[in-house]
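Enquirer: Just so you know, we're using the working numbering here: the sequence shown kicks off at 1 and counts up by one. C-beta atoms are modelled at their ideal positions from N, C-alpha and C, and glycine is treated no differently. Pasting in a structure now, in structure tokens, and then I'll have a few things to ask.
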Amino acid sequence: MDTPNPSCRFCGSPLHFTFVDLGMSPLCESYLQASQLNKMEPFYPLHVHVCESCYLVQLEEYVAPEEIFTEYAYFSSYASSWVEHARKYTEMIIERQQLTSESFVVELASNDGYLLQHFVDKNIPALGIEPAANVAKDAVEKNVPTLVEFFNEQLARKMVGDGKLADLVIGNNVLAQVPDLNDFVGSMKMILKPGGVITMEFPHLMRLMAENQFDTIYHEHFCYFSWIAAEKIFTAHRLRLFDVEELTTHGGSLRIYACHEDDDSKSLSECAAELKNRELQAGLQRLETYASFAEQVKQTKRRILQFLIEAKKAGKSIVGYGAPGKGNTLLNYCGIRTDFLDYTVDRNPYKQGMFLPGTHVPIYHPDKIQQTRPDYVFILPWNFKDEIMQQMALIREWGGQFVVPIPEVSVIP
1 MDTPNPSCRF CGSPLHFTFV DLGMSPLCES YLQASQLNKM EPFYPLHVHV
51 CESCYLVQLE EYVAPEEIFT EYAYFSSYAS SWVEHARKYT EMIIERQQLT
101 SESFVVELAS NDGYLLQHFV DKNIPALGIE PAANVAKDAV EKNVPTLVEF
151 FNEQLARKMV GDGKLADLVI GNNVLAQVPD LNDFVGSMKM ILKPGGVITM
201 EFPHLMRLMA ENQFDTIYHE HFCYFSWIAA EKIFTAHRLR LFDVEELTTH
251 GGSLRIYACH EDDDSKSLSE CAAELKNREL QAGLQRLETY ASFAEQVKQT
301 KRRILQFLIE AKKAGKSIVG YGAPGKGNTL LNYCGIRTDF LDYTVDRNPY
351 KQGMFLPGTH VPIYHPDKIQ QTRPDYVFIL PWNFKDEIMQ QMALIREWGG
401 QFVVPIPEVS VIP
């Protein structure tokens, strides 16, 4: 039986063109307890398409967001560099937008209050909207007012009715995690004051392709954005992108700035014009540009496995560092289990004592590395590699080495 083609979640065009197919994979944040290891585990296709009309790169929705985000294992505050990134952003945007105690800031997917705590400290009224109750609880303990809900048109209408219009709407790493893009972007427009600004951060598709970051693809991320695709989506909802910053976070992200389409006080920045031009030069409006990515990913998989096989043949011990979502994509796609990685470690106590989905690699406290003194520490959250190598510098005492898998597998002595 032929399965019908999925359609683009933005423009509705049928999706025929494959960007990359990473096989079957479990939900990347569904960590397992020991009692679940002998039970059936759901796997879903990680088959990514690119829309031939609007060039939005996307996954089908196999699981409702409620199943993924209602109880969530990711707490932003465990990554010190990410909290520092949020603090610097706060200082910059308060000055840039001249925010005061009369302003109102809303963050969508506010997690554990890692960002809004900085606004609260400066007496700027703020509201977090976070669907994961277990994570929102930590935010409330930081005195960050938080609504435990999904942000959508219904909630936006209620906020408008309550007079809760925002001078600043923030969304960091949430746009990719929204299955109903049109509802989400349209709802942001509803709650934005006439002169207000939206800032959103998301991994940049151009960097994902250039640096082979296939492991940032997982079921929790429904879309992967270029500036070109984001601009089309915002324009369709009468919002205008007028500025951009290129960030180093998550392997290379964009921070886009949007305003109402009729807000004449904000003109298109040189950075934004230059980035759009660079994307066009890179061919992001030509399908053949997207075609070469899949082959590049297969070659990377072979190289990672070749390194692990040779290390094991030489009698070396290998352990993981971190239990991030991206690590689960990489390990499941490459078929790496405890035959290669003895275990992994993570600073997040919520994950310690659990097992990785699909591969069942056990997760311990980072102290375990000092006890077992492995030859190699395989860094799964490679976007935090500098921070991790600093924290784990002690492996040099016994001649241990770090391994980073992306963009290409490399050993760092």
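Tell me the residue span of the alpha helix (DSSP H) that contains Leu254.
Expert: No alpha helix (DSSP H) holds Leu254; the beta strand (DSSP E) holding it covers Ser253 to His260.
Enquirer: Have a look at Glu220, Cys259 and Gln371 and flag the residue whose alpha-carbon is nearest the alpha-carbon of Glu231.
Expert: Closest option to Glu231, Cα to Cα, is Cys259.
Enquirer: Would you tell me roughly how many angstroms separate the C-alpha atoms of Gly315 and His360, rounded to the nearest one?
Expert: C-alpha separation (whole angstroms): 22 Å.
Enquirer: Taking only the alpha-carbon atoms, compute the straight-line gap between Ala176 and Ile336 and give it to the nearest angstrom.
Expert: Cα to Cα, the separation comes out at about 26 Å.
Enquirer: Excluding sequence positions up to five away, which residues of its chain have a Cβ less than 6 Å from the Cβ of Cys11?
Expert: Result list for Cys11: Ser53 and Cys54, in chain order.
Enquirer: Is there contact here, the region 141–148 with the region 160–174, by at least three beta-carbon pairs under 8 Å?
Expert: They do not touch, by the three-pair rule.
Enquirer: Say whether the region 194–210 touches the region 166–173, bearing in mind that this needs 3 or more beta-carbon pairs closer than 8 Å, one atom from each stretch.
Expert: Verdict: yes, contact present.
Enquirer: DSSP three-state call for Gln498: helix, strand or coil?
Expert: No answer is possible for residue 498: the residues shown for the chain start at 1 and end at 413.
Enquirer: Would you please state the rounded distance, in angstroms, between the beta carbons of Ser103 and Asn123? I believe it to be under 8 Å.
Expert: Their Cβ separation, rounded to whole angstroms, is 10 Å, which puts Ser103 and Asn123 out of contact at 8 Å.
Enquirer: Do three or more CB pairs link the region 304–321 to the region 394–409 at distances below 8 Å?
Expert: Short answer: they touch.
Enquirer: Just the Cα atoms here: how many angstroms apart are Asp346 and Thr249?
Expert: Distance between the alpha carbons of Asp346 and Thr249 is about 19 Å.
Enquirer: When you measure from the CB of Val345 to every non-hydrogen atom of the ligand SAH, does any distance come out below 7 Å?
Expert: In terms of ligand content, the structure shown is empty, and the ligand SAH therefore cannot be addressed.
Enquirer: Write down every uninterrupted run of the beta strand (DSSP E) in the region 145–230 whose length is 3 residues or greater and which is fully enclosed by it, in chain order.
Expert: Complete beta strand (DSSP E) runs here, min 3: 166–172 and 192–203.
Enquirer: Go to Phe307, then tell me how far its alpha helix (DSSP H) extends in each direction, as first and last residue.
Expert: Phe307 -> alpha helix (DSSP H) spans Phe293 to Lys313.
Enquirer: On a CA-only basis, which of Gly399, Val140, Ile217 and His47 is nearest Leu15? Give me that one, please.
Expert: Out of Gly399, Val140, Ile217 and His47, His47 has the C-alpha closest to the C-alpha of Leu15.
Enquirer: Could you pull the start and end residues of the alpha helix (DSSP H) that Tyr333 belongs to?
Expert: Gly325 to Cys334 is the extent of the alpha helix (DSSP H) around Tyr333.
Enquirer: Beta-carbon separation of Lys326 and Asp215 under 8 Å?
Expert: Yes, the pair counts as a contact, with Cβ atoms nearer than the cut-off.
Enquirer: Apply the 10 Å Cβ neighbour rule to Asp243 and answer buried if 16 or more other Cβ atoms are within range, or exposed otherwise.
Expert: It is buried - the Cβ of Asp243 has at least 16 other Cβ atoms within 10 Å.
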